[in-house]
Structure formats: structure tokens, C-alpha cells
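Enquirer: The structure is given below, and queries will be raised subsequently.
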Amino acid sequence: MLVNTSATTNQAIGDDALKSRYPPVTTVVPGWAAVGFQSGTYKLAPTSRFAHAGEDGKDLGADIDAIQRAQTGPDGSGCGSSNATARPIR
Numbered sequence: 004m005l006v007n008t009s010a011t012t013n014q015a016i017g018d019d020a021l022k023s024r025y026p027p028v029t030t031v032v033p034g035w036a037a038v039g040f041q042s043g044t045y046k047l048a049p050t051s052r053f054a055h056a057g058e059d060g061k062d063l064g065a066d067i068d069a070i071q072r073a074q075t076g077p078d079g080s081g082c083g084s085s086n087a088t089a090r091p092i093r
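This is the structure in C-alpha cells:
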């Protein structure tokens, strides 16, 4: 549950017609290339206009590093690791 939260900016992929559906603080970019990802990843490049643009100074969007850490797990045997072993459900 989110308590006392608010968003002061939005980002969307699309065209200007999409912008009319969102609050005036919405930034619309014409396509995924305009977001500024690092080559071959879903991480924002340091030069992306959305890098460090959050109110907390973090990149906008998902924290890809945190997702990868959660998938790998503390011992490296999580679902993001080739060391993972499937166990039957009983």
C-alpha cells in the first residue's frame, strides 16, 4: 500500500496525442531510442535525459541493478543464475 505518495512528473513513449491523456508534467518521447538506454540493456545511459532525473536523484523507471540482484539471490543460485536448480513442487 502506498501512503502519502505523489508523482510530479511522468514519462511516456508515443506521440503528442498521447500527452493530452496525462498531466501537463508528462514528457513524451517519440520512441524507445529517445529514452537513452545503454547499448544492449534496459539500463539508462549516463547521458539519458532520464538518468538521475527522479526526485531522489535516481534514474527514472525500474532499478535494473536491484532486479538483477533479487533474481540472483545472495548466494548466486537464484533464478538469474545458470547455477539454479529446479526443484519439484510437492
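Residue 50 in the numbering used here sits at position 47 of the sequence shown, with consecutive numbering throughout.
Don't be surprised by glycine CBs; every beta carbon is placed ideally from N, CA and C.
As the structure is a computational prediction, the values presented were derived from the model and not from experiment.
Determine which residues share a DSSP beta bridge with PHE53 and list them.
Expert: Looking at the DSSP assignment, PHE53 forms no beta bridge with any residue, so it has no partner.
Enquirer: Just confirm the distance between the C-beta atoms of GLY39 and ARG52, as a whole number of angstroms; I'd bet it's less than 8 Å.
Expert: 6 Å between Cβ atoms; contact.
Enquirer: Exposed or buried, ASP68, counting other C-beta atoms within 10 Å across all chains shown (16 or more means buried)?
Expert: Exposed, because fewer than 16 other Cβ atoms sit within 10 Å of the Cβ of ASP68.
Enquirer: Considering only the beta carbon of each residue, do ALA54 and ASP62 sit closer than 7 Å?
Expert: Cβ distance < 7 Å, so ALA54 and ASP62 count as in contact.
Enquirer: Taking the straight line between their C-alpha atoms, what separation do you get for SER84 and TYR45?
Expert: Confidence at SER84 is low in this model, with a pLDDT of 48, below 50, so its placement is unreliable and the value that follows should be read with caution. Cα-Cα distance, rounded: 18 Å.
Enquirer: Leaving out the 5 sequence neighbours to the left and right, which residues in its chain are closer than 8 Å to LEU5 when beta-carbon positions are compared?
Expert: Low confidence applies to LEU5: its pLDDT is 40, below 50, so where it sits in the model is not reliable, and the reading given next is rough at best. Here the set comprises nothing.
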